[in-house]
Amino acid sequence: MNKKKLTLATIWLDGCSGCHMSLVDVDERLLEVAEIYDIVFSPLVDVKEFPEQVDVTLLEGAISTDEDVEMVKRIRKSTQTLIAFGDCAVTSNVPSMRNHFKVEDVFKRGYLETTPGNDVIPDENIPRLLEKAYPVHHFVHVDVFLQGCPPSADNIFYTLAEVAEGRTPELAKRARFG
Amino acid sequence: MSKTITIEPITRIEGHGKITLMMNDSGSVDNALFQVTQFRGFEKLSEGRRFREMPSLMARVCGICPVAHLLAGAKACDNILAVKVPETGQLLRQAINFGQMIQSHALSFFYLSVPDMVMGFDANPMERNILGVLKKNPQMASDGIRLRKFGQTIIELLAGKRVHPAAIIAGGVSEPCSEEIRDKLLADIPEMQRIVQRNLDWYKQALNQNGSSALRVSEFRDEIRTFANMKSLFMGLVNDDGELDFYDGKIRFVDSSRKIVADNLDPNNYQDYIAEHVEKWTYLKFPYYKPMGYPKGMYRVGPLARLNVVDRCGTPQADLELSEFRGLASGAVLSSFYYHHARLIEILYSLEKLEQVLSDPAFLGKKTRAIAGPNNSEGVGMAEAPRGTLIHHYKVDENGLMQWANLIIASGHNNLAMNKGIMQVARHFVKGEKIEEGMLNRVEAVIRAFDPCLSCSTHAAGKMPLKIELARPDGEVVHTLTQE
Chain A
1 MNKKKLTLAT IWLDGCSGCH MSLVDVDERL LEVAEIYDIV FSPLVDVKEF
51 PEQVDVTLLE GAISTDEDVE MVKRIRKSTQ TLIAFGDCAV TSNVPSMRNH
101 FKVEDVFKRG YLETTPGNDV IPDENIPRLL EKAYPVHHFV HVDVFLQGCP
151 PSADNIFYTL AEVAEGRTPE LAKRARFG
Chain B
1001 MSKTITIEPI TRIEGHGKIT LMMNDSGSVD NALFQVTQFR GFEKLSEGRR
1051 FREMPSLMAR VCGICPVAHL LAGAKACDNI LAVKVPETGQ LLRQAINFGQ
1101 MIQSHALSFF YLSVPDMVMG FDANPMERNI LGVLKKNPQM ASDGIRLRKF
1151 GQTIIELLAG KRVHPAAIIA GGVSEPCSEE IRDKLLADIP EMQRIVQRNL
1201 DWYKQALNQN GSSALRVSEF RDEIRTFANM KSLFMGLVND DGELDFYDGK
1251 IRFVDSSRKI VADNLDPNNY QDYIAEHVEK WTYLKFPYYK PMGYPKGMYR
1301 VGPLARLNVV DRCGTPQADL ELSEFRGLAS GAVLSSFYYH HARLIEILYS
1351 LEKLEQVLSD PAFLGKKTRA IAGPNNSEGV GMAEAPRGTL IHHYKVDENG
1401 LMQWANLIIA SGHNNLAMNK GIMQVARHFV KGEKIEEGML NRVEAVIRAF
1451 DPCLSCSTHA AGKMPLKIEL ARPDGEVVHT LTQE
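Keeping their order, the protein sequence lines are chains A and B.
Just so we're aligned: 82 in our numbering is position 82 of the first sequence, and the numbers increase by one with no gaps anywhere.
Count along the second sequence from 1, then add 1000; that gives the number in our numbering.
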């Protein structure tokens, strides 16, 4: 009954925030989530530093930049149960569609070929793109894979509840890709 | 001693951004940069795909406003097909889009910005969030949850799922709507209207607004005065009657006195009036009004801009609120703090329009899409996303394979204004020996007012974290401000 509350971090790397929207789609059940977890780091709250110790992390998005790589290692180090949150984290999904192009060609299209008269490509004091976008498990061990683009709110709620009970969520029959 | 402050990540916004403030020797702000740090490359990664994939693929640009990308993408594809979407298909698309406006505006207002207004800009950052609002003003928090849920339910029931639905396709919509679903949605509208009205009343009271005296009496008067409160152009779509239109219409620009600068501009010719500038230090481009050049051609888009641009909303309740809104200024309403106010009026408008669209006999028609192959090699699609005008431009080969794409995203249009805005607010609030967290929260809050989508805006290839650093004039970073 007087169970100690767990800590929860949520973060987006190279994603579209759709998985986080699906998390918000738990609607009124947000209260139940808040009863089980203290949200200690998230785009929805004002904490700027990833905590030293977190029980559960929902990580949305692929790993696409040098800063993403640093961040995912930092997160793994601090996290007890790491959940690859959605298809971009699980497979690298849409971000990896750039993988068969050269990074310089992706930049050329984005900044030169679509912007008449411009010869500048941003590169100052901002993260650098890796040659390819990768799924989270390419860099660190993942404890739970939560599929979906995005995962449904029901599956997110179920997963968070199961993990809190110390069980491995059985997602094989519930989750779908896409 | 001069220094740089970095605020990173900017929280309670969508996407990755950071803010860098350069401080001078006397401890005031010299320069301020709003940097977007994500780049994703959709213009390139779509190359070689079939054009019919584009709406669903482009939805993945943004999880908050996927419907806007579905619509702009589908409209670009309609033009490649060279078809006119059947009336039922148009109505369905509009209804789904109203669902999106409602849910996205509710998220921006209640989940992301209300914590600053209810808890206070200087409140404990650990409590300054939606869960804090749930404790302090449970009615308001549950209103926000309820309203957002209604918007998401519209999308789910009409388009298949809440985030990244698949029903909006080239040529129309894939499924008609049943009478049962239509009636279910209609039944909830009156309750939603009461919710919006209640919160509009709260907002106006919280600001102690009383026409032009707002500036003198409001608790937030300093924020109203300094949150990107400046002259600029405003841009948005208006219909043939000069009314608000999220789905169709022509582009209009007005200046800060609400005088029309350009009107009836064809979305297909967007490159004649919009050009883009690129800076080294951010992945987000800087669009500007081409005839006035860079940076003089700065304009704003989104709820505030749309209400400044239109002659009227075109629905009774929203127009009543609009006339009060107009009283805030003699010309255009210039303070970006009023984006919040405009957002609430737009929810009211969306609910009224939704009722009209659902009640149209053609809404339940069975003919929802036009079928054709690729007949044009190029197509432009434009629609109003919650945060402003969205432009998709595609080129295909004779088999309909994508050759080239250009996207100009709502948040991008506001890039110049957001940068000027953080400078204004930082100069007013961030000063002295000791930098307080609440000062920096206000710098973030001006960005929140614009409600940018940062994963959207760097569609091309990136993302945008928000952080503040204090640096010496020589560039050495002496202090990075992160909230503990």
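We treat Cβ as the ideally placed atom computed from N, Cα and C, and that holds for glycine.
Quantities reported herein were computed from a predicted structural model and do not represent experimental measurements.
- Scanning chain B for C-beta atoms nearer than 9 Å to the C-beta of Arg174(A) yields nothing, as the closest lies near 15 Å away.
- Residue contact check for Leu146(A) against chain B: no CB pair falls below 7 Å.
- Three or more Cβ pairs closer than 8 Å define a contact, and the segment 1272 to 1287 of chain B meets that threshold against the segment 104 to 122 of chain A.
- Contacts between Trp1281(B) and chain A, judged by CB atoms closer than 8 Å, involve Pro122, Glu124, Asn125 and Ile126 in chain order.
- The distance from the Cβ of Asp25(A) to that of Gln1152(B) is about 6 Å, consistent with a contact at the 8 Å cut-off.
- With a 10 Å radius around the Cβ and a threshold of 16 neighbouring Cβ atoms, Thr1011(B) comes out buried.
- At a beta-carbon threshold of 9 Å, the residues of chain A lying near His1164(B) are Cys16, Gly18, Cys149, Pro150 and Gly178, ordered along the chain.
- In the displayed model, Ile1189(B) falls within a helix according to three-state DSSP.
- For Leu1134(B), the CB contacts under 7 Å within the same chain, skipping 5 residues up- and downstream, are Ala1141 in chain order.
- In the DSSP assignment, Leu31(A) falls within the alpha helix (DSSP H) that extends over Leu30 to Ile36.
- At a C-beta separation below 7 Å, Asp55(A) has no neighbours in chain B, since its nearest C-beta there lies roughly 17 Å away.
- Shortest Cα-Cα distance from Met1022(B) to any of Thr1037(B), Glu1014(B) and Thr1006(B) involves Thr1006(B).
- Of the candidates Ile1447(B), Leu1407(B) and Met1439(B), the residue whose Cα lies closest to the Cα of Asn1414(B) is Ile1447(B).
- Nearest CB-CB separation between Ser92(A) and chain B: not below the 7 Å threshold.
- Taking every protein chain shown into account, the CB of Gln1038(B) has 16 or more other CB atoms within 10 angstroms, so this residue is buried.
- For Thr1011(B), the closest Cβ of chain A is nearer than 7 Å.
- In this structure, DSSP gives Ile1007(B) an extended state, which the three-state scheme calls strand.
- Separation of Lys1431(B) and Gly1015(B) (C-alpha to C-alpha, rounded to the nearest whole angstrom) is 28 Å.
- Assignment of beta-bridge partners to Gly1236(B) by DSSP yields Arg1252(B).
- Neighbours of Asn1414(B) across chain A, judged by C-beta separation under 7 Å, do not exist; the nearest C-beta is about 18 Å away.
- From the listed residues Thr159(A), Leu129(A) and Leu6(A), the smallest Cα separation to Glu104(A) is found for Leu129(A).
- The beta carbon of Pro1125(B) falls within 7 Å of a beta carbon belonging to chain A, placing the residue at that interface.
- If you check the CB distance, Met1382(B) and Pro1267(B) come in under 7 Å.
- At least 7 Å separates the CB of Val69(A) from every CB of chain B.
- At a cut-off of 7 Å between C-beta atoms, Ala34(A) counts as an interface residue with respect to chain B.
- Contact between the segment 127 to 142 of chain A and the segment 1072 to 1079 of chain B is absent, with fewer than three C-beta pairs closer than 8 Å.
- At a C-beta separation below 7 Å, Asn1406(B) has these neighbours in chain A: Thr114.
- At a C-beta separation below 8 Å, Asn118(A) has these neighbours in chain B: Glu1276, His1277 and Val1278.
- Close partners of Leu31(A) in chain B (Cβ separation under 8 Å): Leu1134.
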